[in-house]
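Sequences listed follow chains A and B, in order. Residue 26 in this note's numbering sits at position 26 of the first sequence, with consecutive numbering throughout. Here this note's numbering runs 1000 ahead of the position in the second sequence, where the first position is 1. This report concerns only the one structure given below.
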Amino acid sequence: MPHPTQSFVRNGLLSIIDAAAYAAIGPHLEPVDLPKGTVLIEAGEPFTHAHFLNGGIGSIIISTPDSQRVEAGIFGREGLSGFGCLLGVDQGPQTSMIQVDGEGYRVSIKALRTACQQSDSLRETLLRYVHVFISQTSYTSLSNVSQSVEGRLARWLLMCHDRVTGDDIALTHEFLSIMLAVQRPSVTTALHMIEGYGFIKARRGNITVVDRDALVDFADGMYGTPEAEYRRLIGPFG
Amino acid sequence: MRFYLHQQITNGIIEDPDGTEAVDLVAAKRGAILAARQLLANAILAGVAPLGTAFRITDGNGNLLLTVPFHDALWPGFMDCLQK
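Here is the structure:
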């Protein structure tokens, strides 16, 4: 099967790497549809593929022993799943799954590792993304201990808004409750409050961002630093 | 079975659009109590008055099955402790 040309890909990592780096990985990319609910990595199972998204939102989830799920981080067209393989490990405790329909490319772990051995710039770009992702999870920790549920919701909505085209985000209350690590009525109440301020419009299964600047102000400094790190170290974002 | 936890607030209702699975009404009530505690805690941490006063638990057809006042989520005497 012919592999995608670099000018065609919309993934933020694949589109900015140099031609030699793309030559190392491009032939191994397989286009895949990624509907909501697709599990990319199962906790405790060996990694088989990394996924570079062109669109949609993926979520890295960690669970308590009694199966309460909490989101550790999100990724979309700016990133990839399965980056643990770049760090020399074969599996991890997190589950990675698609929360908003998307599509992208998958590449076997073996091919990705070989491509990274062939191209230093590919490996360095992907490791810079790992740094950005760690920055995101660091801010999530900070946000979880310092912000109200409404402030945390504003931050997550901005992060999702960065990863979709347009202002509509197809988010269920269930996903929001995992994102924010709260029970569903806390999500419903926080949406009601933020909608009352005029920042968003919430309908069943969909949230429309009405006033992004106001959401950024409301997130009170908890949104923006990991995104700026991405722009500084990798390329355009959002 | 699917239960819907609509929240009664001072000037209306915040509807639960999606509902939650629970084995029976007792389990749904237990979920409502935990959710009420979280809402009250969120309000206390934010330094504001809680928006809601009770959950109205309905089935998928909108039939009211049970009302759970938020004060049922607190242990007896909690408000007295605060006022001392």
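C-beta atoms are modelled at their ideal positions from N, C-alpha and C, and glycine is treated no differently.
Fill in: Beta-carbon gap between Pro236(A) and Ile57(A) smaller than 9 Å
In this structure, Ile57(A) does not lie closer than 9 Å to Pro236(A) by Cβ.
Discussion item. Looking at the strands, I want to know which residues DSSP matches up with Ile57(A).
Written reply: Ile57(A) pairs with Val100(A).
Discussion item. According to DSSP, simplified to helix, strand and coil, what is Pro236(A)?
Written reply: Shown here, Pro236(A) sits in coil according to DSSP, grouped into three states, outside any helix or strand.
Practice prompt. Please name the residues in the region 1016-1042 of chain B whose beta-carbon is closer than 7 Å to at least one beta-carbon of chain A, in chain order.
Written response: Those would be Asp1016, Pro1017, Asp1018, Thr1020, Leu1034, Ala1035, Gln1038, Leu1039, Asn1042, in chain order.
Worksheet item: In chain A, what lies closer than 7 Å to Ile1014(B) by C-beta?
Response: Listed along chain A are Thr188, Thr189, His192, each with a C-beta nearer than 7 Å to that of Ile1014(B).
Practice prompt. Enumerate in chain order the residues of its own chain whose CB-to-CB distance from Ile1013(B) is below 8 Å, with the five nearest sequence positions on each side excluded.
Written response: So the qualifying residues of the chain are His1006, Gln1007, Arg1056.
Worksheet item: CA-CA distance, Pro46(A) and Leu1064(B)?
Response: Their backbone Cα atoms lie some 48 Å apart in a straight line.
Worksheet item: Quick one: is Ser59(A) buried, meaning 16 or more other Cβ sit within 10 Å of its Cβ, or exposed?
Response: Buried, by the Cβ-count rule.
Worksheet entry | Glu124(A) in three-state terms, based on DSSP | DSSP places Glu124(A) within a helical segment (H, G or I) once states are collapsed to three.
Discussion item. Please report the distance separating the alpha-carbon of Ile169(A) from that of Ala23(A).
Written reply: So the alpha carbons of these two residues sit roughly 34 Å apart.
Worksheet item: Mind pulling the chain B residues with CB within less than 8 Å of Ser148(A)?
Response: Here the neighbours are Asn1042, Leu1045, Ala1046.
Item to complete: Indicate whether Gly1060(B) and Arg1002(B) have their beta-carbon atoms separated by less than 9 Å.
Response: Yes, the pair counts as a contact, with Cβ atoms nearer than the cut-off.
Worksheet entry | Minimum Cβ-Cβ distance from Gln183(A) to chain C less than 9 Å | The structure shown contains no chain C; the protein chains it does contain are A and B.
Worksheet item: Residue range of the beta strand (DSSP E) that Gly1012(B) falls in?
Response: Its beta strand (DSSP E) spans residues 1012-1014.
Worksheet item: If you check the beta carbons only, do Leu14(A) and Glu103(A) fall under 9 Å apart?
Response: At a Cβ-Cβ threshold of 9 Å, Leu14(A) and Glu103(A) do not count as neighbours.
Worksheet entry | Buried or exposed by the 16-neighbour rule on C-beta atoms within 10 Å, applied to Leu1034(B) | Leu1034(B) should be labelled exposed.
Fill in: Separation of Val39(A) from Asp167(A), as counted between CA atoms
CA-CA distance, Asp167(A) to Val39(A), rounds to 26 Å.
Worksheet entry | Nearest candidate by alpha-carbon position, reference Arg1030(B), set Phe1078(B), Pro1069(B), Asp1016(B) | With distances taken between Cα atoms, Arg1030(B) lies closest to Pro1069(B).
Worksheet item: Is there at least one Cβ from chain B nearer than 9 Å to His173(A)'s Cβ?
Response: His173(A) counts as touching chain B.
Worksheet item: Comparing the C-beta of Leu996(B) with each C-beta of chain A, is any distance below 9 Å?
Response: Because chain B here runs from 1001 to 1084, residue 996(B) falls outside it and cannot be looked at.
Fill in: DSSP-derived helix/strand/coil call for Asn144(A)
When DSSP states are grouped into helix, strand and coil, Asn144(A) belongs to the helix group.
Discussion item. Less than 8 Å between C-beta atoms, sequence neighbours within five positions excluded: which residues of the same chain meet that for Val32(A)?
Written reply: The beta carbon of Val32(A) lies closer than 8 Å to those of His51, Glu103, Gly104, Tyr105, Arg106 in the same chain, with the five residues before and after it left out.
Worksheet item: Looking at the unbroken alpha helix (DSSP H) that takes in Phe281(A), where does it start and where does it end?
Response: The question about residue 281(A) has no answer here: the residues shown for chain A are numbered 1 through 238.
Worksheet item: What is the C-beta distance between Ile234(A) and Tyr139(A), in whole angstroms, given that I count them as a contact (C-beta under 8 Å)?
Response: Ile234(A) to Tyr139(A), Cβ: 17 Å. No contact.
Discussion item. Just checking: is the beta-carbon of Arg204(A) within a distance shorter than 9 Å of some beta-carbon in chain B?
Written reply: It does: the Cβ of Arg204(A) has a partner Cβ on chain B nearer than 9 Å.
Worksheet item: Under 9 Å between the Cβ atoms of His173(A) and Asp1018(B)?
Response: Between His173(A) and Asp1018(B), the CB-CB gap stays under 9 Å.
Worksheet item: Quick one, which of Pro65(A), Tyr197(A), Tyr223(A), Ala43(A) has its alpha-carbon nearest Gln94(A)'s?
Response: Just measuring C-alpha positions, the residue of Pro65(A), Tyr197(A), Tyr223(A), Ala43(A) sitting nearest Gln94(A) is Ala43(A).
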